[in-house]
Amino acid sequence: MTVQEFRRFNRFYTNLIGALDYGRHLYSPYTLTEARLLYELAHAGDQVDAADLRVALSLDAGYLSRLLTKFEERELITRGRSERDSRRQRIALTAHGREAASVLEERSQDSAGRLLEKVPGRDRTRLAESMATIRELLGDASRTEPERVLAEEVSKQVTLRTTRPGDLGWMVQRNAELYAREYGFDLSYEALVARIVAEFAEHFDPRWDRAWLAELDGRPAGQVMCVRDDRPEDGEREGAGGEARDGAPERAEGEAPDRAGVGEQGRIRRARLRLLLVEPEARGHGIGGRLVTACTEFARDAGYDELVLWTNSVLTAARRIYERAGFELVAERPHHSFGQDLVGQDWRLRL
-16 MTVQEFRRFN RFYTNLIGAL DYGRHLYSPY TLTEARLLYE LAHAGDQVDA
34 ADLRVALSLD AGYLSRLLTK FEERELITRG RSERDSRRQR IALTAHGREA
84 ASVLEERSQD SAGRLLEKVP GRDRTRLAES MATIRELLGD ASRTEPERVL
134 AEEVSKQVTL RTTRPGDLGW MVQRNAELYA REYGFDLSYE ALVARIVAEF
184 AEHFDPRWDR AWLAELDGRP AGQVMCVRDD RPEDGEREGA GGEARDGAPE
234 RAEGEAPDRA GVGEQGRIRR ARLRLLLVEP EARGHGIGGR LVTACTEFAR
284 DAGYDELVLW TNSVLTAARR IYERAGFELV AERPHHSFGQ DLVGQDWRLR
334 L
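Okay, so the sequence shown: first residue is -16 according to this note's numbering, each after it adds one.
Here it is, written out as structure tokens:
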């Protein structure tokens, strides 16, 4: 990207939102900077001071002081000594100021809504992802490291949802890419994950099976499956294969599941947690724990007696998640799979 391209986008977006003539665009008596100041005051509670506003808005101290004086003259704000530090000013909106901020917020929402009405529904997710990328790459460039870390923790929103058409293909792709890069797994691992996902889609029963995607600021950030398990008791199966940091080898030929998730020789209603994965840039936000919790709660509500999984000892972060969720390690065995020498582990959670 060239500087000219960057500036061209700035001009386009500035004109799009009407920032060059903000007062006329939203039919308000406030400039863009004044509107931003009103917004910050309306959302900051009653303990904000001038120093906080200066950092949040990246404004010169003198300019901010003049704006606050103007607001005070219009009876939009009151100023007093900060309870946190007597050397600082506490700033709060008056009733008139809160009304002005509310009107401006409503008009801003309407303006944004009219813009989005022009975007087809199928393109809105792509638009949201692109805007999130811009915020991620450019939004915090002027902040200090502590300010940037704090802002990231506050602003990022994690949501879980069940899978939609197209998500299963993403699950295969990300498992193959991440495990090849982080653990050196070869093509046989991708083939296994593809078979697992295909089996899930082919035999899916909403009473007993579920898959989730985690999203961080609207972008895919993690995944997990809960499926009925048709394998024999631990120690009876062939333990050569494996799957993502949570998975299990493929089931042996001839083991047919009943509708409650047990094999012909079993009597326990057993579910299996599979394909747990968290994107590298999304780690540290508790996503893995939330995915496992979703899986365990679903299994419990579905009437399963226990939830099992198979993983490898090298996946230490996932193992800590399982331990915190109450899983117990019940068996270990070495195996050579996906081009690597590994130690497979069976874990179990009584429901």
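Every residue, glycine too, gets a C-beta built ideally from N, C-alpha and C.
Along the chain, where does the beta strand (DSSP E) containing residue i start, and where does it finish?
| i | result |
| --- | --- |
| E289 | 289 to 295 |
| Q323 | 323 to 333 |
| Q206 | 202 to 211 |
| T142 | 141 to 145 |
| W153 | Premise fails: W153 lies in the alpha helix (DSSP H), 150 to 166, not in any beta strand (DSSP E). |
| T61 | 60 to 64 |
| R253 | 253 to 261 |
Would you please state the rounded distance, in angstroms, between the beta carbons of residue i and residue j? I believe it to be under 8 Å.
| i | j | result |
| --- | --- | --- |
| W195 | L143 | 5 Å |
| T279 | A308 | 6 Å |
| L47 | A33 | 6 Å |
| A111 | G201 | 5 Å |
| R193 | F281 | 5 Å |
| L87 | A163 | Actually they do not touch by this definition, with Cβ atoms about 51 Å apart. |
| A159 | V176 | 6 Å |
| A25 | R81 | 7 Å |
| L151 | A184 | 6 Å |
Return the CA-CA distance between residue i and residue j, expressed in angstroms with no decimal places.
| i | j | result |
| --- | --- | --- |
| I179 | H318 | 20 Å |
| V102 | V326 | 50 Å |
| E238 | R255 | Because E238 carries a pLDDT of 33, less than 50, the predicted location of this residue cannot be relied on, and no value is offered for it. |
| V291 | D329 | 7 Å |
| I74 | C209 | 51 Å |
| G286 | R(-6) | 58 Å |
| A78 | G45 | 26 Å |
| T145 | T14 | 43 Å |
| G104 | T16 | 32 Å |
| I304 | G272 | 6 Å |
| E262 | L274 | 13 Å |
| Q(-13) | D324 | 52 Å |
| F(-8) | N(-2) | 10 Å |
| V313 | W293 | 10 Å |
| E100 | L76 | 33 Å |
| R302 | R331 | 12 Å |
| R64 | V31 | 11 Å |
Along the chain, where does the alpha helix (DSSP H) containing residue i start, and where does it finish?
| i | result |
| --- | --- |
| Q(-13) | -14 to 0 |
| H186 | 170 to 186 |
| H318 | Note, H318: premise wrong, no alpha helix (DSSP H); beta strand (DSSP E) at 311 to 320. |
| V86 | 78 to 100 |
| L36 | 33 to 40 |
| E198 | First-last for E198: 193 to 199, but that is the beta strand (DSSP E), not the alpha helix (DSSP H). |
| D43 | Per DSSP, D43 belongs to no alpha helix (DSSP H) and is neither H nor E. |
| E119 | 104 to 121 |
| L21 | 15 to 26 |
| R307 | 299 to 307 |
Tell me whether residue i is buried or exposed, calling it buried when 16 or more other Cβ atoms sit within 10 Å of its Cβ.
| i | result |
| --- | --- |
| Q206 | buried |
| R220 | At R220 the pLDDT is 34, less than 50, meaning the model places this residue with poor confidence; the figure from the coordinates comes in the next sentence. Flag for R220 reads buried. |
| I335 | Here the chain covers residues -16 to 334 and nothing more, so residue 335 does not appear. |
| F(-11) | exposed |
| R118 | exposed |
| R252 | buried |
| V38 | exposed |
| H186 | exposed |
Cβ of residue i within 8 Å of Cβ of residue j?
| i | j | result |
| --- | --- | --- |
| E173 | V155 | yes |
| E289 | R257 | no |
| R49 | E55 | no |
| T265 | L199 | Checking the sequence shown, residue 265 turns out to be Ala, not Thr. The answer is yes: Cβ separation under 8 Å. |
| L59 | A83 | yes |
| L36 | L21 | no |
| S171 | F321 | yes |
| R147 | L260 | no |
| S41 | R90 | no |
What do you reckon, is the C-beta of residue i under 7 Å from a heavy atom of the ligand SAH?
| i | result |
| --- | --- |
| G80 | Here there are no bound small molecules, and the ligand SAH is not part of this structure. |
Tell me, please, whether the CB atom of residue i is closer than 8 Å to any CB atom in chain B?
| i | result |
| --- | --- |
| D324 | Going by chain labels, chain B is absent from the structure shown, which holds only one protein chain. |
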